[in-house]
Amino acid sequence: MAKRIQFDATGGPEVLQYVDYTPAEPGPNEVRVRNKAIGLNYIDTYFRGGLYPISNFPSGLGTEAAGEIEAVGSAVTHLKVGDRVAHAGGPLGAYSDVHVLPSNVLVKLPEAISFEQAAAVMLKGLTVQYLLRQTYRLEAGETILFHAAAGGVGLLACQWAKALGARVIGTVSSPEKAAKAKAAGAWEVIDYSHENVAQRVLELTDGKKCPVVYDGVGKDTWETSLDCVAPRGLLVSFGNASGAVSGVNLGVLSSKGSLYVTRPTLATYAVPSALQGMADELFGMITSGKLNIEINQRYPLAEAAKAHTELSGRRTTGSTILLP
Ligand SMILES: NC(=O)c1ccc[n+]([C@@H]2O[C@H](COP(=O)([O-])OP(=O)(O)OC[C@H]3O[C@@H](n4cnc5c(N)ncnc54)[C@H](OP(=O)(O)O)[C@@H]3O)[C@@H](O)[C@H]2O)c1
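Given below as structure tokens:
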């Protein structure tokens, strides 16, 4: 018998229940992992709230955790009992003491990376890897706009972009968050709760705007983000923290300067053939000291609902983990 978080219907944080659960035996290509730390991500609120569909109820939740393998399926050859592993993506259910997963979503953890660090950085760090290195290949000297710069993804992006020699203009909603983003390497910070972002970006870039804008806030910042992209530049709309962007008028891309827009997701970048390479680059950034992981909130797994309330209420910074 184990414990996990599950829910019977979509809704607010109150739908999350901490229940007894009997994990399955792993199938031939699966492994069973005893979780040591679990990552909290904004996508978890989209599944819980119904923005992203759930195929079967009752459903588990969570797509990121780190732990130790306690059973392997008969066809798994590259992993063994006792291996330290982590994952980001795969079937929902990471909010659990133990989780049965396809073996190809797991990466092996180097000794230098703790379970807590891995749970805090896998999903967000792999996301920053593909955003800055693949969706757009950031070059030294470029000035970019990154929204919610003090968030989990945001603090990692500020550091990684700085390490690449780029200048990050970060947006935040409070002076405390501004200080966090600055400490993580943001070049300039705009408080979008009261400053005009497009105007400030024009000033800071001497009228050139940015070759790439990263927007995980979504609905509330969509228009502003388009106004901050330089002609023929790219808007990377990668999340919905304020709600989903809808009703897009393609013509606006031409009138604002032949802009490009992409709506990427980690799942199409961290495919099994690319996953370990992306993770190795991420772990290398950590072990070389270029990326510091801020775990600013820790909750017992049983208090996942409280953690969701804090994340949605914009009261967290950096990464949040749940402890089984
Ligand atoms: N596409 C992908 O592959 C991918 C992968 C990972 C994450 N994401 C997305 O990246 C974004 C950041 O994820 P995260 O887990 O690191 O979360 P987070 O940034 O730690 O939290 C979200 C932040 O968004 C800002 N925000 C602005 N308007 C908001 C609103 N109306 N309600 C709530 N928050 C609002 C808040 O910062 P301020 O208070 O400073 O505004 C808040 O702290 C999310 O949209 C997530 O879905 C996408």
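Here my numbering is used: the first residue of the sequence shown is 26, the next is one more, and so on.
Cβ atoms here follow ideal geometry from the backbone N, Cα and C, with glycine treated the same way.
Computed from a prediction, not measured in an experiment: that's the story for all the values here.
Original post:
DSSP state of I311, grouped into three classes?
Top reply: helix
Original post:
Can you tell which of G36, E89, L76 has the C-alpha that lies nearest to the C-alpha of I292?
Top reply: In the sequence under discussion, the amino acid at residue 292 is Ala, which differs from the Ile named in the question. Out of G36, E89, L76, E89 has the C-alpha closest to the C-alpha of A292.
Original post:
Got a sec: does ligand 1 put a non-hydrogen atom nearer than 6 Å to the Cβ of F171?
Top reply: no
**OP:** Round the Cβ separation of V116 and L126 to the nearest angstrom and send it over; I've been treating them as touching at under 8 Å.
**Re:** One point to set straight first is that residue 116 is Pro, not Val, in the sequence displayed. Indeed they touch by this definition, with Cβ atoms about 7 Å apart.
**OP:** Give, in chain order, every unbroken run of the beta strand (DSSP E) that is at least 3 residues long and sits entirely within the region 103-137.
**Re:** 109-113, 123-127, 131-133
Original post:
Taking Cβ positions, are G92 and K61 nearer each other than 7 Å?
Top reply: yes
Original post:
Using CA coordinates, which residue listed in K149, F82, E167, V261 is at the minimum distance from D231?
Top reply: E167
Subject >> Neighbourhood of V277 by C-beta distance below 7 Å, restricted to the same chain and skipping five residues each side >> reply: L251
Original post:
With G64 and I346 assumed to form a contact (beta carbons below 8 Å), what rounded beta-carbon distance in angstroms separates them?
Top reply: 6 Å
Original post:
Apart from the five residues on each side of it in sequence, which residues of its chain come closer than 7 Å, Cβ to Cβ, to V153?
Top reply: V178, L181, A182, W185
Subject >> Span separating the alpha-carbon of L156 from that of G210 >> reply: 17 Å
Subject >> alpha helix (DSSP H) segments (min. 4 residues) lying fully within the region 225-255 >> reply: 247-253
**OP:** Hey, could you find the ends of the beta strand (DSSP E) I68 is sitting in?
**Re:** Note, I68: premise wrong, no beta strand (DSSP E); alpha helix (DSSP H) at 67-74.
Original post:
Nearest to G264 by alpha carbon, out of K105, S313, G241, K28?
Top reply: G241
Subject >> Cβ-Cβ distance between A145 and I320 below 7 Å >> reply: yes
Original post:
Run through DSSP, which three-state label would R57 get?
Top reply: strand
Subject >> Three-state secondary structure assigned by DSSP to A143 >> reply: helix
Subject >> Span separating the alpha-carbon of T35 from that of E95 >> reply: 31 Å
Subject >> Contacting residues, own chain, Cβ-Cβ under 7 Å from L336 (five flanking each side not counted) >> reply: L65, Y67, T70, T345
Subject >> Distance, P349 Cα to D305 Cα >> reply: 26 Å
Original post:
Which same chain residues, not among the five before or five after L300, have their C-beta less than 7 Å away from its C-beta?
Top reply: V132
Original post:
Identify the residues that DSSP records as bridge partners of P325: which are they?
Top reply: L348
Subject >> Between the CA atoms of G75 and I30 - distance to the nearest angstrom >> reply: 16 Å
**OP:** Rounded to whole angstroms, what's the CA-CA distance from Q159 to M26? Just pull it up for me.
**Re:** 42 Å
Original post:
How about V197 and A208: are their beta carbons less than 7 Å apart?
Top reply: no
**OP:** Examine ligand 1 and report whether any of its heavy atoms sits within less than 6 Å of the Cβ of L291.
**Re:** yes
Original post:
Below 7 Å between beta carbons: does that hold for G129 and P256?
Top reply: In the sequence on display, residue 129 carries Asn and not Gly. Their beta carbons are not under 7 Å apart, which means N129 does not touch P256 by this criterion.
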